[in-house]
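Chains as they are written, first to last, in this note's numbering: chain W, 42 to 653; chain S, 42 to 653.
C-beta atoms are modelled at their ideal positions from N, C-alpha and C, and glycine is treated no differently.
All values reported here derive from a predicted model rather than from experimental measurement.
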């Protein structure tokens with residue numbers, strides 16, 4: 042991009058048009074530090090209202106480098122040493138605060154979700170114990186309906202930008218494209234409450250994506266001194282009134298969010314590093330890492346505090362998804378074959394998922410554009426469908442006898458956690474599908490990942506589970522509530538991973554729980570096409586270095602296979618939302634394009650002045 | 042830098058001097074792909090022989106971007122899809138091979154060192170058991186002398202570039218400055234054998250730095266198809282005959298080296314990322330990670346194989362330095378105080394070490410420039426001094442009684458490993474200083490890091506140990522053998538960390554072994570000023586996420602304190618070696634410098650044409 046600009050500029054100079062730099066110095070209006078338009082992007086979007094592709098989108102491009110007009114230079118040179126120290130101190134203070142607040146809010150969300158969903162499920166189980174199945178269903182469906190309603194109404198009425206994961210917009214922001222109202226205070230609050238509602242409602246979505254968005258919102262609000270209408274007019278804050286420092290802060294925020302979602306500090310940093318395709322500075326690395334470490338400390342302190350039972354049904358839930366540090370993984374060269382199969386499957390299914398989700402989202406866009414009521418109705422019907430499936434499908438599964446060694450201790454259970462749910466079964470029997478469905482999504486992941494449970498799940502139950510989550514994963518993502526993509530993909534992937542593990546039977550040394558983990562990793566790589574950050578996130582989740590090589594093989598194969606068919610899910614969402622995304626490294630032929638050629642070749646790039 | 046160049050170029054265009062770009066097209070000689078001089082660096086070093094500072098150094102700057110002359114463009118466009126696939130396949134194959142070979146060579150070095158040093162120490166212990174102390178000393182000193190001689194003769198006569206750690210040159214290379222003969226086959230072989238000799242000789246240096254250099258050499262040799270005189274003229278290889286692909290490969294190599302040294306795959310990647318200040322691409326991230334994962338697999342396979350006792354004295358030695366994944370670390374808010382103290386101490390001592398090492402290296406430079414014999418004599422006298430200290434000092438320590446619970450099982454021991462060396466003590470007693478000194482450096486680190494050994498070390502022994510390694514750390518680094526800086530710094534740092542732990546006594550909840558780890562981390566941050574990669578390396582070494590927050594605090598404080606006094610040790614070596622190093626982000630005022638101003642202000646920047 043740097044190069045394109047340089048050549049575009051050179052071309053402009055050659056053809057005797059006035060130099061962009063000169064123009065700026067003559068313009069007295071342009072002497073404020075926070076100038077939304079970037080010189081280099083003038084050719085592409087010379088006003089906030091640009092037409093990208095065939096869509097009109099209200100996006101702004103922004104400054105990559107600090108704008109260097111005379112005022113700025115004077116300001117920079119006049120700064121005393123104390124002021125520079127103030128600036129550095131503030132930068133680190135902000136990084137600390139971003140981590141602290143993200144950690145605290147993540148804890149609160151977990152706390153709320155675990156308690157709301159927990160008490161809801163306990164009440165449902167009580168009805169089931171009394172064999173009042175219909176009442177149980179009505180109670181669950183009504184609770185889910187209400188929770189979805191809260192989330193959807195908030196999103197539809199107050200902050201439409203809070204719907205969805207937010208990660209594509211953050212990715213776009215970090216690559217130079219600003220979507221308005223993306224990082225405001227209203228968005229933040231709606232995202233928090235909406236996320237609690239949507240996740241508690243048992244919808245097939247996660248809090249991971251929203252947490253990343255929440256982290257970024259916090260960072261953005263801190264940097265500008267508070268919400269738009271109530272900004273603190275602190276003199277120090279003006280140092281942060283430029284796009285570079287703001288973007289740095291938001292990078293910290295998004296890393297903190299990933300870290301809070303997966304308890305993965307290094308993974309969080311690498312996530313930001315991998316997503317920020319066109320911009321990275323070494324100095325930022327350490328500050329981002331600092332933020333994520335603060336998040337980890339906050340999360341750990343909260344877990345320590347909640348261990349004593351002060352947090353209701355929280356327990357150790359919602360945070361660590363899968364820790365197998367104690368397990369010694371043993372595998373041989375032969376195990377490469379099933380691992381490669383998982384990778385290929387992940388790539389195929391991931392790209393298929395991307396393709397189908399694209400189609401579904403197009404249909405949803407048509408519905409959502411019809412108005413608020415349609416948006417609400419769509420969300421609520423998905424909620425009802427989800428409730429029917431989650432409650433009804435376990436009746437299809439056969440009751441399985443408990444292992445005698447576990448009898449009376451952990452099988453069957455009717456509490457919230459536990460691998461062996463009794464549901465409609467007589468004593469001494471458990472319903473494996475209820476274990477997976479009548480629980481929170483986090484617990485479902487924990488259950489399906491659990492190791493040394495080779496005979497726990499029936500293959501039929503897993504097929505039902507997989508099919509259900511394929512459908513839910515497609516229809517849930519586009520509704521107007523805060524929704525993350527990570528968890529649905531993990532649920533789908535773990536199901537087919539585990540199925541493959543059962544199919545391999547005695548021919549493999551890898552535990553079925555680890556097959557589920559690998560399946561989840563493969564589908565994520567096949568759909569999202571992130572690799573390094575995913576790998577490190579899985580490394581930190583499983584806390585076991587022994588798994589690293591096979592995870593890498595799976596991710597590599599899945600990404601390669603997926604790339605053969607279609608772009609990553611984020612790029613598909615980019616296209617749907619009309620967000621431009623510039624590759625970090627242009628093809629070599631692009632370097633020689635002149636402005637004139639650009640205007641000739643791409644008639645779709647039109648610029649309008651103001652709102653016409 | 043980009044910006045400097047751009048403005049320099051713009052200035053050049055304004056003042057009617059011929060455009061650099063045009064000049065190139067007129068020059069028929071410049072149409073080869075591998076062109077050592079970079080356009081943008083012409084202003085600084087327009088010939089291979091540039092004067093930097095006051096030193097003449099034979100360094101070359103090289104292409105940041107792929108040179109795009111007509112031939113290249115034609116070549117790029119004429120490539121078929123198959124050729125592009127060939128290229129991609131080769132890139133990944135090379136990444137795999139770099140990891141594989143680095144892993145294998147690291148294993149071989151470990152194997153050789155553990156066996157040579159092990160049998161040497163066993164023989165010495167046998168003399169001590171027979172109370173023939175003088176014979177023991179003579180045997181040890183002679184063995185160390187011979188091993189040092191081998192290493193030094195090889196370095197002095199065949200490959201002077203193999204002396205030292207090699208990391209500064211790699212850092213320079215990755216930032217655009219090529220030192221000749223740095224990555225040749227001779228250098229590689231001398232580095233491997235020299236490193237084995239020097240480490241086995243008990244000198245105060247590590248194999249970590251050399252491993253990084255070895256990894257880079259392997260990568261460079263692979264990329265160019267073999268050693269200079271016996272290159273494979275394979276048609277496919279010509280794709281790698283450009284600076285960008287070569288640098289990418291060397292990045293993979295250096296990451297693999299760090300990974301092999303510390304068994305830290307993510308740490309290795311971040312090391313390269315942090316050191317490569319001016320150049321990074323996301324695409325490289327994943328390839329580098331792939332290489333390091335291959336290294337981990339190789340190391341693990343080797344350890345698995347050696348467990349059955351096929352590797353002599355290897356055991357599990359030489360690879361994992363400190364794994365506390367099983368330990369539950371508990372600390373409270375009060376523990377922040379000693380942690381902060383360690384950080385401050387690390388910063389102060391680190392910068393002091395940098396300062397003193399700078400002075401010592403200047404003196405050494407004077408000696409080394411006098412000729413080969415002087416170099417050899419210097420190395421050998423250091424070897425003799427080391428032998429005298431390592432053997433003599435333990436006699437100063439008092440014999441301490443073994444803990445009754447350990448008696449007859451692990452205390453006292455005379456084997457190679459073990460925490461309680463008997464040395465000159467009667468049965469039932471052990472000599473704590475002998476435990477630390479009469480062993481390999483790796484085992485010394487393991488011993489001083491060991492947890493739940495609160496009363497094992499006397500504070501006096503630790504003071505002697507610390508003082509000795511301060512002296513050795515200063516005098517050993519500059520001698521003409523392959524030497525790493527990591528291990529000496531870890532040894533010094535762990536000593537004062539542990540001393541502080543003893544001093545804190547009952548006022549702290551942190552184990553003394555962890556104090557030693559934190560001390561080592563603080564001194565590394567205080568001297569080398571790396572942060573993120575160090576943090577991740579320590580995370581992977583200790584394999585315990587609970588330690589992360591305090592490690593981060595220590596590193597942050599140490600780096601900040603150290604930065605107040607002097608630059609990092611690598612920058613000091615840069616200056617001594619006359620390697621130019623360009624900061625990734627120039628100060629804003631630099632952007633407006635014109636070529637004329639540059640010539641006026643810095644008369645030291647002179648360019649010569651050829652050898653004058």
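For residue 541 of chain S, the CB contacts under 8 Å within the same chain, skipping 5 residues up- and downstream, are 379, 382, 383, 386, 556, 560 in chain order.
What residue 306 of chain W touches in chain S, judged by beta-carbon distance under 7 Å, is 589, going in chain order.
The beta carbon of residue 494 of chain W sits closer than 8 Å to the beta carbons of 460, 553, 554 from its chain, once the five residues preceding and following it are set aside; these are given in chain order. With a contact defined as Cβ atoms closer than 8 Å, residue 340 of chain W and residue 139 of chain W miss out at about 14 Å. The count of Cβ pairs closer than 8 Å, one atom from the region 236-245 of chain S and one from the region 519-533 of chain S, reaches three, so the stretches are in contact. Contact between residue 570 of chain W and residue 618 of chain W is ruled out by a C-beta separation of about 18 Å, above the 8 Å threshold. With contacts defined by Cβ atoms closer than 7 Å, residue 515 of chain S and residue 434 of chain S do not form a contacting pair. The DSSP-derived three-state label of residue 487 of chain W is helix. The Cβ-Cβ distance between residue 578 of chain S and residue 305 of chain S falls below 7 Å.
Uninterrupted alpha helix (DSSP H) stretches at least 4 residues long and entirely within the region 374-455 of chain S occur at 377-409, 413-433, given in chain order.
For the region 559-583 of chain S, residues whose beta-carbon sits nearer than 8 Å to a beta-carbon of chain W comprise 572, 573, 576, 577, 580, 581.
Check the Cα spacing between residue 131 of chain S and each of S:315, S:287, S:415: the tightest is with S:287.
Inclusion of residue 228 of chain S and residue 258 of chain S in the CB contact set at 7 Å is warranted, their separation being smaller than that value. Under the three-state reduction of DSSP output, residue 219 of chain W falls in the strand class. With 16 or more other Cβ atoms inside 10 Å of its own Cβ, residue 562 of chain W counts as buried. For residue 599 of chain W, the uninterrupted alpha helix (DSSP H) segment begins and ends at 589-606.
Taken in chain order, the unbroken stretches of alpha helix (DSSP H) that lie wholly in the region 463-513 of chain W and span 4 residues or more are 473-478, 482-490. With the rule of 3 Cβ pairs closer than 8 Å, the region 172-189 of chain S counts as touching the region 421-434 of chain S.
When the Cα atoms are used, residue 223 of chain W and residue 153 of chain W turn out to be separated by approximately 24 Å.
With its beta carbon at least 7 Å from every one in chain W, residue 139 of chain S lies outside the interface. Of all residues in the region 327-343 of chain W, the ones placed with a Cβ closer than 9 Å to any Cβ belonging to chain S are 327, 329, 330, 331, 334, 335, 337, 338, 341, in chain order. Looking at the DSSP output, residue 523 of chain W shares a beta bridge with W:205. Close partners of residue 134 of chain S in chain W (Cβ separation under 8 Å) are lacking, with about 13 Å as the shortest Cβ gap.
For residue 585 of chain W, there is no enclosing alpha helix (DSSP H), as DSSP marks it with neither H nor E.
In the same chain as residue 533 of chain W, and ignoring 5 residues on each side of it, the C-beta atoms closer than 7 Å to its own belong to 507, 510, 511, 514, 564, in chain order.
Where residue 185 of chain W is concerned, the enclosing alpha helix (DSSP H) starts and stops at 174-198. For residue 181 of chain W, the nearest beta carbon of chain S is not closer than 7 Å to its own beta carbon.
DSSP lists W:525 as the beta-bridge partner residues of residue 247 of chain W. For the region 592-611 of chain W, the residues whose beta carbon sits under 8 Å from a beta carbon of chain S are, in order, 593, 597. For residue 549 of chain W, the three-state secondary structure derived from DSSP is coil. For the options W:547, W:499, W:391, W:483, the alpha carbon positioned closest to that of residue 439 of chain W is the one of W:499. Membership of residue 295 of chain S in the alpha helix (DSSP H) is indicated by the continuous run 284-303. DSSP places residue 574 of chain S within a helical segment (H, G or I) once states are collapsed to three.
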